[in-house]
Every structure is written in C-alpha cells, then in structure tokens.
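Reading through the structure tokens given below for one structure.
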Amino acid sequence: MPVTKAAAASGDATLAKSLSDAEIFYDQTMGWIATHYMSIVIACSIGAVIIAVLYGLRMLGTRLCRREHVGHWPKIIGRAISRTNLFFIVTLAARLVSGYAAPPAVISTTIGFLFTVAAALQAALWVRELIIGIVEYRAGDEESGSSTLGSAIGIIRLLVTSICFIVATLLILDNIGVNITGLVASLGIGGIAIGLAAQGIFSDLFASLAIIFDRPFRRGDTVRWDQTVGTVESIGLKTTRVRATTGEEVVISNTNLLNKELRNLAHTMRRRATLMLGVTYQTSPETCRRLPDIVKTIVTAHDKAVFLHCCMTNFGASSLDYELLFDVIDEDVEVFNATRHAICIEILESFAREGIDFAYPTQTTFTAAPDGRMIMPYAEIPPDLIHRS
731 MPVTKAAAAS GDATLAKSLS DAEIFYDQTM GWIATHYMSI VIACSIGAVI
781 IAVLYGLRML GTRLCRREHV GHWPKIIGRA ISRTNLFFIV TLAARLVSGY
831 AAPPAVISTT IGFLFTVAAA LQAALWVREL IIGIVEYRAG DEESGSSTLG
881 SAIGIIRLLV TSICFIVATL LILDNIGVNI TGLVASLGIG GIAIGLAAQG
931 IFSDLFASLA IIFDRPFRRG DTVRWDQTVG TVESIGLKTT RVRATTGEEV
981 VISNTNLLNK ELRNLAHTMR RRATLMLGVT YQTSPETCRR LPDIVKTIVT
1031 AHDKAVFLHC CMTNFGASSL DYELLFDVID EDVEVFNATR HAICIEILES
1081 FAREGIDFAY PTQTTFTAAP DGRMIMPYAE IPPDLIHRS
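Numbering (my numbering), first residue to last: 731 to 1119.
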C-alpha cells in the first residue's frame, strides 16, 4: 500500500509539472504573438512564398522525370526532386523565417528539432533515389530482359534503403542527445558477422554490380573467357550464363568471370586476317617477285579491307612460303568472314590466270646403282622407240 501511494504521488507530481510547462508555453506564445504580431505575419508570408517555390520545384521534377526526350541524368535528378516531402518543405520554410520572427526559445527549439528530423529523412530519400536511379540506368536493357537481374536490382534497392534510413535514424538520435556509440558498435559487429557469413554471396553481388556499372559486356555480346567462346544470354545475381558456340550453356560465377581475362568480341573495331600462301619451287623468281603486288591489288580492291603486308617468309620443305596480312574494318564477324572468303577466291582465280601453282607436300625418290651412280627408278625408253613414236 505505501508503494502504491508513493507511485500515485509521483504520477500526480509529473502531471502537475506537465500542466505547469504547458501553461508556461501558452503564456510565452501568447505574449510573443501579442508583441511580435507584425513580424509573425511577415514571416508567415515569406514562409508561404518559400513553400510555394519549393512545391513548384517538386512539380517541375515530377514533370522532368516523366518526359521521354531528355537525358538520363535530368530524369534521375527530377525523380529525386519529385520525392521531396511536404513536411520537409514546411519545416525548411519555418526554419528559414523563424529568426526574423524572434520566437520564444521553446518554439525555436521545437522548430529546430522538427527540421532536423525532416532534413535527415529527406536526405535519406534523395540519396536513395539518386543511387537507385543510377543503378537502374546502368542496368539498362539487362534488367528488362532478365528476371534474375531484376531480383538483384530489388535486393540492391532494399540494401540502399536500409542503409540510408539507418544512417538518418542515427543522425536524428545523435541530434536529440541520445548516446549512439553502443548502437553503432552493435551495428558494426552485426554487419561484420553477416558479411563473413555471406561472403560468397556478397562477392558475386558486388561482381554483378561491377558488370552493371563498368559494362565490360552486355547481354547479347560475344565473349571469350578462358576456354569458352559464346554469347551472353543473361546476367544474374550470382552467375552469368553464356551460350557457347558448341551449343551448350556455360554457367560462370560473376566473381570468377571478372577474375580472369575476358575478351569482348562484339566491339572489335577491326579484325585481322593472316593467310599463309605456299607456291611450288618451280615458280620463276620474276613471278615470286611480282606475287606481293598481285595479292595487294586483290586486297585493296575491297572497301573494308586494309592491306598490311605480303612477303616471302621461308623456304619450306616443299614450298616457297608467303605471309599475307590484312585488316577488315568492321565489328560484324560475318562481314569479316565474307571479306576473307572473297579475297581467298580472288587469289585462287588470279593465280590460275598467272599460272602460279600452290604447293602441296611432295617427295622425290632417287635410286643409286651398286657403283653409286644415280639411276632412274623406272626403265629408260630405248632411243629407237622414242624415234618411232
């Protein structure tokens, strides 16, 4: 019973103090209004103008992000501006004009507290929209064509939103006098534990982000990685799927994909062709001397082909070896194949007209008599038979 009476007495004292504080607040407010009514009216008018201007900027941001024929950066910034909260606009206007109206300390403190809360939350919203807008823009067509990457973007949205609002909450608590040291330490330890537990997942997630932002390749590009050559079919949260030229689907971890040298064959500005030409030893020296000019004329006749060199490189076992080097100025591999094919056919036609024979592996056998004389491996035709024929 005594405990109950003490608790009741304490509650009555708290209630009485609250009523007293409210009465003091009321008296100070009324006194302030009575003595500064003209300043209050002017401050309210200026605040209304500020609110109208800021609200107009928000509407402009909404229209900007809805336009089709504008760049991606105006759309991202307009999207962030359109998320400006009305509560932040009002508290910002009140904060800007409160000094002119000279309000009591309790009102000024209240305005400052509300502005701190509104500014922290609004900053979190702006940062969230800017980061997500950039990520979605960099994802581009991949997100629309891959539900897996869409899920990755959804996880990124969740992570960015959580981090932004956690930081905003910590800033608010710190500004109102709460000791957040222990809370920050707890969050840090928890983050380290989660990071260690999901190290592989986060590694692949950040690798997918690197692919989105750096764009070493996109969906539909032909790439060469390790022993695999194929077309990128999808970029996921953890893996990238490549359709190999041999037909099978190759699933590669995003982390492993970026840890090794990767060649993007889709954006090759020029492709180089190397052809080895071998002609017979019976080809005359004069013809051998003219052969590079003959080949050069054939290559330069093609608009997309750039002649580099053609020269004799070796005396082979059964051929005189020439090396032909030329570039095809085009990204399309089919154009390269067609140009190389046409040049090869024209070389065949030109050599046929000039009487130049291509060499092929041959062997000549010489037979020696018991006394060491070289004899023919077949019987000689008697002279009289030759004259009769």
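Each residue gets a CB set at the ideal place from its N, CA and C atoms; glycine is no exception.
With a 10 Å radius around its C-beta and 16 neighbouring C-beta atoms as the bar for buried, classify residue i as buried or exposed.
i            : result
residue 1103 : exposed
residue 1078 : exposed
residue 783  : exposed
residue 1131 : The chain is shown only over 731 to 1119; residue 1131 falls outside these bounds and no answer can be derived.
residue 922  : exposed
residue 978  : exposed
residue 778  : exposed
residue 797  : exposed
residue 771  : exposed
residue 908  : exposed
residue 1083 : exposed
residue 916  : exposed
residue 1049 : buried
residue 1086 : buried
residue 941  : buried
Please return the same chain residues whose Cβ sits closer than 6 angstroms to the Cβ of residue i, not counting the five positions on each side in sequence.
i            : result
residue 1123 : This structure does not reach residue 1123, given that the chain is present from 731 up to 1119, and the question cannot be answered.
residue 1027 : none
Skipping 5 residues on each side, what residues in its chain have a beta carbon closer than 8 angstroms to that of residue i?
i           : result
residue 990 : 955, 956
residue 877 : Since pLDDT at residue 877 reaches only 48, below the 50 mark, its modelled position is unreliable, and no value is offered.
residue 822 : 780, 784, 845, 848, 849
residue 816 : 785
residue 773 : 827, 828, 830, 831
residue 951 : 961, 962, 994, 995, 996, 997
Look at the alpha carbon of residue i and the alpha carbon of residue j, and state the distance between them as a whole number of angstroms.
i            : j            : result
residue 1034 : residue 1065 : 9 angstroms
residue 967  : residue 890  : 16 angstroms
residue 820  : residue 885  : 33 angstroms
residue 1002 : residue 1057 : 4 angstroms
residue 865  : residue 937  : 14 angstroms
residue 996  : residue 906  : 57 angstroms
residue 992  : residue 969  : 15 angstroms
residue 1017 : residue 1024 : 10 angstroms
residue 1101 : residue 1020 : 45 angstroms
residue 1011 : residue 1074 : 21 angstroms
residue 911  : residue 867  : 37 angstroms
residue 1029 : residue 1054 : 10 angstroms
residue 1151 : residue 830  : There is no way to answer for residue 1151, as the model of the chain reaches only from 731 to 1119.
residue 716  : residue 790  : Any answer about residue 716 is impossible in this case: the structure gives the chain only from 731 up to 1119.
residue 807  : residue 939  : 21 angstroms
residue 730  : residue 802  : Lying before the first or after the last residue shown, residue 730 is absent from the chain, which here runs from 731 to 1119.
residue 999  : residue 1072 : 20 angstroms
residue 900  : residue 893  : 11 angstroms
residue 1004 : residue 986  : 32 angstroms
residue 837  : residue 753  : 14 angstroms
residue 1043 : residue 1076 : 22 angstroms
residue 953  : residue 988  : 12 angstroms
residue 1091 : residue 1067 : 27 angstroms
residue 904  : residue 947  : 44 angstroms
Grab me the residues of residue i's own chain with a C-beta within less than 7 angstroms of its C-beta, minus the 5 sequence neighbours each way, in chain order.
i            : result
residue 862  : 887, 890
residue 1046 : 1008
residue 1093 : none
residue 973  : 960, 961, 963, 979
residue 1036 : 1056, 1057, 1059
residue 982  : 955, 969, 970, 972
residue 1006 : 1051, 1053
For residue i versus residue j, is the C-beta spacing smaller than 8 angstroms?
i            : j            : result
residue 854  : residue 895  : yes
residue 964  : residue 949  : yes
residue 788  : residue 814  : yes
residue 984  : residue 1051 : no
residue 1041 : residue 1015 : no
residue 835  : residue 769  : no
residue 1096 : residue 1088 : no
residue 898  : residue 851  : yes
residue 1069 : residue 1039 : no
| field | Ordered list of alpha helix (DSSP H) runs contained in the segment 1036-1097, each at least 4 residues | value | 1063-1084
What are the complete beta strand (DSSP E) segments, minimum 3 residues, inside the segment 797-877?
none
What are the start and end residues of each continuous alpha helix (DSSP H) run of 4 or more residues lying completely inside the segment 955-1043, in chain order? 984-989, 1015-1030
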